[in-house]
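Working notes for the structure below.
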Amino acid sequence: AQKVTQAQTEISVVEKEDVTLDCVYETRDTTYYLFWYKQPPSGELVFLIRRNSFDEQNEISGRYSWNFQKSTSSFNFTITASQVVDSAVYFCALSEATEFQGGKLIFGQGTELSVKP
Amino acid sequence: GAVVSQHPSWVICKSGTSVKIECRSLDFQATTMFWYRQFPKQSLMLMATSNEGSKATYEQGVEKDKFLINHASLTLSTLTVTSAHPEDSSFYICSAEHEQYFGPGTRLTVT
Numbered sequence: 060a061q062k063v064t065q066a067q068t069e070i071s072v073v074e075k076e077d078v079t080l081d082c083v084y085e086t087r088d089t090t091y092y093l094f095w096y097k098q099p100p101s102g103e104l105v106f107l108i109r110r111n112s113f114d115e116q117n118e119i120s121g122r123y124s125w126n127f128q129k130s131t132s133s134f135n136f137t138i139t140a141s142q143v144v145d146s147a148v149y150f151c152a153l154s155e156a157t158e159f160q161g162g163k164l165i166f167g168q169g170t171e172l173s174v175k176p
Numbered sequence: 008g009a010v011v012s013q014h015p016s017w018v019i020c021k022s023g024t025s026v027k028i029e030c031r032s033l034d035f036q037a038t039t040m041f042w043y044r045q046f047p048k049q050s051l052m053l054m055a056t057s058n059e060g061s062k063a064t065y066e067q068g069v070e071k072d073k074f075l076i077n078h079a080s081l082t083l084s085t086l087t088v089t090s091a092h093p094e095d096s097s098f099y100i101c102s103a104e105h106e107q108y109f110g111p112g113t114r115l116t117v118t
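Chain order of the listed sequences is A and B. With this note's numbering as the guide, the letters of the first sequence map in order to residues 60 to 176. With this note's numbering as the guide, the letters of the second sequence map in order to residues 8 to 118.
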């Protein structure tokens, strides 16, 4: 069965600190996709990244970076030099859908990040 | 980029009444849409997969007679919460076709 675990329920940091959000997943499929979303207080989900199971290269986008390790079934998300605007709930998600169909997502419990000035 | 809209953004209704939530893909066609529900301080849970021109597929534990889904066109899926009760109060959010295209959500409060 598929499962996504975000063990950190809440994290509080001071602005400019680096912070890593953990995500561990379970799946029996060899082809799957992993995602990170940001959910600010407004409630809408903001897509951050999608990574397929065959691409273990780490990704960097500005202050955001992602570390995907199949050996430990983890897909961790790091924010460098955090800012107050990064305060939100972050969700990690898993999908076993094919590339062109879009898919059902299994979400982790979410990590609420609070960045204090 | 692709945009998904939802209407209404929030709604308050009385217990026992029905409420309809719309999910529209604004600049692309979506043969498949997904409906999720999120209770306060909780994660998103998939309720059902809406397929254009055919019946929706419901996840285990979701009452199909209570949550009616209609996907009559390639740009519109509707979720109707029938005989709503306070425990149905939640944030309902749809996604269209691809995982990065989520609507802004609809906050339902049943009094």
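Even glycine gets a Cβ: it sits at the ideal position worked out from N, Cα and C. Model, not experiment: these values are computed from the prediction.
Would you grab the beta carbon distance between A/A152 and A/I138 for me? Rounded to a whole angstrom, and I think it's under 8 angstroms. By one-based count along the first sequence, residue 152 of chain A stands at place 93. By one-based count along the first sequence, residue 138 of chain A stands at place 79. So it is not a contact: roughly 18 angstroms between Cβ atoms.
Straight-line gap, A/Q142 to B/K48 (C-alpha atoms, nearest Å): By one-based count along the first sequence, residue 142 of chain A stands at place 83. By one-based count along the second sequence, residue 48 of chain B stands at place 41. A/Q142 and B/K48: Cα-Cα distance of roughly 22 angstroms.
Of all Cβ atoms in chain A, is any one closer than 8 angstroms to the Cβ of B/I28? As a working note, residue 28 of chain B is residue 21 in the second sequence. No, B/I28 does not count as interfacial toward chain A.
State yes or no: is the C-beta of B/S80 nearer than 7 angstroms to some heavy atom of the ligand GTP? The model on display carries no ligand, and the ligand GTP is accordingly not part of it.
Residues in its own chain within less than 8 angstroms of A/F159 by CB, not counting five upstream and five downstream? For this step, residue 159 of chain A is matched to residue 100 along the first sequence. At A/F159 the pLDDT is 45, less than 50, meaning the model places this residue with poor confidence; the figure from the coordinates comes in the next sentence. Counting only Cβ-Cβ distances below 8 angstroms, and skipping sequence neighbours, we find nothing.
Identify each residue in the stretch 69-101 of chain B for which the Cβ-Cβ distance to at least one residue of chain A is less than 7 angstroms, and report them in chain order. F98, I100
Within 8 angstroms of any Cβ in chain A, is that where the Cβ of B/P47 sits? The residue labelled residue 47 of chain B in the question sits at position 40 within the second sequence. By this cut-off, B/P47 is not an interface position.
Indicate the three-state DSSP secondary structure (helix, strand or coil) for A/V144 in the structure shown. Taking the first sequence and counting its residues from 1, the one referred to as residue 144 of chain A is at position 85. A/V144 falls in the helix class under three-state DSSP.
Hey, how far is the Cα of A/K75 from the Cα of A/V63? The count along the first sequence starts at 1 and reaches residue 75 of chain A at position 16. The count along the first sequence starts at 1 and reaches residue 63 of chain A at position 4. If I take the Cα positions, the gap works out to 28 angstroms.
Buried or exposed for B/W17, please, with buried defined as at least 16 other CB atoms from any protein chain shown within 10 angstroms of its CB. Here residue 17 of chain B corresponds to residue number 10 of the second sequence, with the count starting at 1. By the neighbour-count rule (16 or more Cβ atoms within 10 Å), B/W17 is not buried but exposed.
I want to see whether chain A comes within less than 8 angstroms of B/L51, judged by CB atoms only; does it? Locating residue 51 of chain B in the second sequence gives position 44, where the first residue counts as 1. B/L51 counts as touching chain A.
So, do the stretch 114-125 of chain A and the stretch 19-31 of chain B have three or more beta carbon pairs nearer to each other than 8 angstroms? no
Please report the straight-line C-alpha distance between B/F35 and A/G169, rounded to a whole angstrom. For this step, residue 35 of chain B is matched to residue 28 along the second sequence. For this step, residue 169 of chain A is matched to residue 110 along the first sequence. Each residue's Cα considered, the two are about 29 angstroms apart.
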